[in-house]
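Since the structure comes first, as C-alpha cells, the remarks are kept for the end.
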Amino acid sequence: MGTVSAASHRATKPGGLRRRQASPPETPPSPEQTARLASLRYVSDDTPGFTRRRTGKGFSYRDVSGKTIVDRDVTARIAALAIPPAWESVWISPVANGHIQATGRDAKGRKQYRYHARWHSVRGEDKYGRMLAFGAALPAIRTRVNADLERRDQSREKVLAVVVRLLETTFIRVGNEEYAKTNGSFGLTTLRNRHVQFSGDSLRFSFVGKMGKAHDICITDRRLSRLVRRCRELPGQSLFQYRDEAGTVCSISSTDVNDYIREVAGDEFTAKDFRTWAGSLLAASQLPPATRDDEDQPARRGLLTAAVKAVSVQLGNTPAVCKSGYIHPRILQAFDDGALQQRWSDSLKSARASSGLTREERALLQFLSATAQ
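Just so you know, we're using this note's numbering here: the sequence shown kicks off at -13 and counts up by one.
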C-alpha cells in the first residue's frame, strides 16, 4: 500500500552534466492530419453508418438507407473486421477508407473500436506509440477539466472532471461495475461512499482493487476534498454521482469517463493513458540519478529493480506489470544502454514549464521525440 500526495506525479530533479540541448519536441499531428497522412477519410460514428442485425445464427448488415447489403466486396470488408458477436450498437463505416472502421459496445458496456490498418501504421500500433500525442493533448484536457471543475452545478461534466483529476493525482484505475459486482474489486468510478474518509483538506481512499490488492491512498487538495464531499452528499451508495436535467441521481461509469476524455482530447485516448504517462514520467525522473555512479550491469539491474518497484507502489501494480505495461520501452532501453541519465538531463535542462504541462512533462516529451526511431 502507498500514500500518494496530490503532486506525487511530478518528477524529482536529476543531476548530470549538460552536453547538448535537446531539440524541441515536434507537435504530433491531429487525428484529421493523421488520417490524411494515411490516405484515409476522417470519419465519426456520430454520422450515419452501416448497422448490424442478427439473422439466424449469424448477422446481416444494413446500409445507411436501411437496405440489406449484398455487395460481396462490402460484406467481405465487414467480415474482415472480425467484429465480436457480443458487441451491441454496432456502427460500421460506410466508406472503405474510413480511419475508424467500426465501433460498438462490448458485453461490459465499454465502447470499442476497429481502426483501419493504415491508421495504426501511421499513428502507432500500441499505447506507447501514442504517448507523444497524449502528452501534447494534456494541456487541452487540463484546461477543459479546470473549467468543468468551476461549474456551479453538480452536473455530469463536473463529476467527470473530478474523476479525471483524481486519475492524475492518485493513479487509481478507472474501474468497471462488472468487476465490482463479480470480483468485489473497485476503481474510481465504482467506489462507494464507504471507501473515502475526510480530514480537513485531505481525503483518504481505502478499498480493494484489481487482483484483490488493498489500496490506501491519501491526497491533500482543498478543492478536490470539497468536490468529493459534495459527491458523497448525494443519495445512494456510489461515490461519484450527478443529477441530470430531471433531477435524477445518476452514477458515473468508466465508459462515461473514457468518452469524456476522447471528447476533450479530440483523440482516442482513455483513462489508461494517464497511468501509462504517469508510469513513464515517474520512471524517467527516478532512474537517472541512480545511474550516475554505477556503470556495471549487476548494479544497474539492481537500481532498475528498485526504481520500477517504487513506481509500481505509486501505480498500485506489481513491479512486473509496471515494467511491461506502464513504462515506455525507450526509457528502459536508454537506461540499459547507460544513456538515460544524460539524455534525461539534456531534456530537463532545456525544458520549461508551460501552461498545462510541468517542466518534467515537457522533458518527457522532448526525450520521447529525440529518441524516436
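Here a beta-carbon is modelled for each residue, glycine too, at the ideal position from N, C-alpha and C.
None of the values given here were measured: they were computed from a predicted structure.
Quick check on the DSSP output: the alpha helix (DSSP H) that includes Ser355 runs from which residue to which?
Along the sequence shown, read from residue 1 onward, the residue named residue 355 stands at position 369. From DSSP, the alpha helix (DSSP H) with Ser355 extends over 345 to 356.
Take the Cβ of Thr41 as the centre, count every other Cβ of all protein chains shown within 10 Å, and call the residue buried at 16 or more, exposed below.
Position 55 of the sequence shown, counted from the start, is the residue given in the question as residue 41. Exposed, since its Cβ has fewer than 16 Cβ neighbours within 10 Å.
Ignore the nearest five residues each way along the sequence and tell me which others in Thr54's own chain have a CB closer than 8 Å to its CB.
Mapped onto the sequence shown, residue 54 falls at position 68. Same-chain partners within the cutoff: Ser46, Tyr47, Arg48.
How would you call Ser240, buried or exposed, if buried means at least 16 neighbouring beta carbons within 10 angstroms?
Here residue 240 is taken as the residue at index 254 of the sequence shown, counted from 1. Of the residues assessed, Ser240 falls on the buried side of the cut-off, its CB having 16 or more other CB atoms within 10 angstroms.
Taking only the alpha-carbon atoms, compute the straight-line gap between Gln87 and Gln300 and give it to the nearest angstrom.
Along the sequence shown, read from residue 1 onward, the residue named residue 87 stands at position 101. Along the sequence shown, read from residue 1 onward, the residue named residue 300 stands at position 314. Near 37 Å, if we compare the C-alpha coordinates of Gln300 and Gln87.
I believe Tyr28 touches Pro315 by the beta-carbon criterion, under 8 Å. Please report the beta-carbon distance rounded to the nearest angstrom.
Position 42 of the sequence shown, counting from 1, holds the residue named residue 28. Position 329 of the sequence shown, counting from 1, holds the residue named residue 315. Rounded, the Cβ-Cβ distance is 29 Å, inconsistent with contact.
Who are the near neighbours of Thr37 in its chain, counting only those whose CB is closer than 6 Å to its CB and skipping five residues on each side?
For the purposes of this step, residue 37 is taken as residue 51 along the sequence shown, with counting starting at 1. Cβ contact annotation for Thr37 (same chain, cutoff 6 Å, sequence separation greater than five): Arg48, in chain order.
State the start and end residues of the unbroken alpha helix (DSSP H) segment that holds Tyr47.
Here the question's residue 47 lines up with position 61 in the sequence shown. No alpha helix (DSSP H) contains Tyr47, which is instead part of the beta strand (DSSP E) from 44 to 48.
Own chain, CB closer than 8 Å to Thr277, minus 5 neighbours either side, in chain order:
Translated into the one-based positions of the sequence shown, residue 277 becomes position 291. Because Thr277 carries a pLDDT of 48, less than 50, the predicted location of this residue cannot be relied on, and no value is offered for it.
Beta bridge counterpart(s) of Tyr99 as assigned by DSSP
Position 113 of the sequence shown, counted from the first residue, corresponds to residue 99. In the DSSP output, where bridge partners are listed per residue, Tyr99 has Thr89.
For Asn162, count neighbouring Cβ atoms within 10 angstroms of its own Cβ and tell me buried if that reaches 16, exposed if not.
To locate residue 162, count along the sequence shown from 1; it is residue 176. Buried is the call here.
Tell me whether Asp31 sits in a helix, a strand or coil according to DSSP, three-state version.
For this step, residue 31 is matched to residue 45 along the sequence shown. DSSP places Asp31 in coil when its eight states are reduced to three.
Please determine, among Leu124, Val145, Pro71, the residue with the shortest C-alpha to C-alpha distance to Glu254.
Your numbering for residue 254 matches position 268 in the sequence shown. When each option's Cα is compared against that of Glu254, the closest is Leu124.
Taking contact to mean at least 3 C-beta pairs separated by less than 8 Å, is the region 293 to 307 in contact with the region 341 to 356?
no
With 16 other CB atoms within 10 Å as the buried threshold, where does Val149 fall?
Here residue 149 corresponds to residue number 163 of the sequence shown, with the count starting at 1. Flag for Val149 reads buried.
Considering only the beta carbon of each residue, do Phe172 and Gly198 sit closer than 8 Å?
As a working mapping, residue 172 is identified with position 186 in the sequence shown. As a working mapping, residue 198 is identified with position 212 in the sequence shown. No, the Cβ-Cβ distance between Phe172 and Gly198 is not below 8 Å.
Tell me, which residues are paired with Glu360 by DSSP?
Since the first and last residues shown for the chain are -13 and 359, residue 360 lies out of range.
Cβ-Cβ distance between Thr262 and Tyr312 below 8 Å:
The sequence position of residue 262 within the sequence shown is 276, counting from 1. The sequence position of residue 312 within the sequence shown is 326, counting from 1. In this structure, Tyr312 lies closer than 8 Å to Thr262 by Cβ.
If Ala147 sits next to Val131, beta carbons under 8 Å apart, how far is it from one beta carbon to the other, in whole angstroms?
For the purposes of this step, residue 147 is taken as the residue at position 161 of the sequence shown. For the purposes of this step, residue 131 is taken as the residue at position 145 of the sequence shown. With 8 Å as the limit, Ala147 and Val131 qualify as a contact, their Cβ atoms being about 5 Å apart.
Assigned secondary structure, Ala200 (DSSP; H/G/I helix, E/B strand, else coil):
In the sequence shown, counting from the first residue as 1, residue 200 sits at position 214. Ala200: strand per DSSP, three-state reduction.
Between which two residues does the alpha helix (DSSP H) harbouring Ser185 extend?
For the purposes of this step, residue 185 is taken as the residue at position 199 of the sequence shown. First-last for Ser185: 182 to 185, but that is the beta strand (DSSP E), not the alpha helix (DSSP H).
Measure from the alpha carbon of Ile203 to the alpha carbon of each residue in Arg338, Val214, Thr155, then state which is nearest.
The residue you call residue 203 lines up with position 217 of the sequence shown. Among Arg338, Val214, Thr155, the Cα nearest to that of Ile203 belongs to Thr155.
So what does DSSP say about Leu177, is it helix, strand or coil?
In the sequence shown, the residue the question calls residue 177 occupies position 191. It is coil, neither helix nor strand.
Nearest by alpha-carbon distance to Leu220: which of Phe184, Gln140, Tyr246, Ser333 is it?
Along the sequence shown, read from residue 1 onward, the residue named residue 220 stands at position 234. The candidate whose alpha carbon is nearest that of Leu220 is Gln140.
In three-state terms, what does DSSP make of Phe157?
Counted from its first residue, the sequence shown places residue 157 at position 171. Three-state result, Phe157: coil.
In this structure, how does DSSP classify Val81 when only helix, strand and coil are distinguished?
Reading the sequence shown from its first residue, position 95 is the one you call residue 81. Coil.
Going by Cα to Cα distance, which pick from Val50, Val56, Ala93, Ser51 is closest to Ile69?
Translated into positions along the sequence shown, residue 69 becomes position 83. The alpha carbon of Ile69 has as its nearest neighbour, out of Val50, Val56, Ala93, Ser51, the alpha carbon of Ala93.
With 16 other Cβ atoms within 10 Å as the buried cut-off, status of Lys43
Position 57 of the sequence shown holds residue 43. Lys43 is exposed by the Cβ-count criterion.
Would you kindly check if the distance between the Cβ of Ser16 and the Cβ of Arg104 is under 8 Å?
Locating residue 104 in the sequence shown gives position 118, counting from the first residue. Locating residue 16 in the sequence shown gives position 30, counting from the first residue. In this structure, Ser16 does not lie closer than 8 Å to Arg104 by Cβ.
Helix, strand or coil, according to DSSP, for Arg22 in the structure here?
As a first step, residue 22 is located in the sequence shown; it is residue number 36 there, counting from the start. Arg22: helix per DSSP, three-state reduction.
Within 10 angstroms of its Cβ, does Asp57 collect 16 or more other Cβ (buried), or is it exposed?
If you number the sequence shown from 1, residue 57 lands on position 71. Answer is exposed; the Cβ neighbour count stays below 16.
Would Phe157 pass as a contact of Ala264 if the rule is Cβ separation under 8 Å?
Counted from its first residue, the sequence shown places residue 157 at position 171. Counted from its first residue, the sequence shown places residue 264 at position 278. The answer is yes: Cβ separation under 8 Å.
In terms of alpha-carbon separation, which member of Val76, Gln319, Ser51 lies closest to Ala269?
Reading the sequence shown from its first residue, position 283 is the one you call residue 269. It is Gln319 whose Cα lies nearest to the Cα of Ala269.
Neighbourhood of Ser9 by C-beta, 8 Å cutoff - its chain only, sequence neighbours within 5 removed
Position 23 of the sequence shown, counting from 1, holds the residue named residue 9. With a pLDDT of 40 at Ser9, under the threshold of 50, the modelled position of that residue is not reliable, and no figure is offered here.
Opposing strand residues paired with Ser372 [DSSP bridges]:
For residue 372 there is no data in the structure shown, the boundaries of the chain being -13 and 359.
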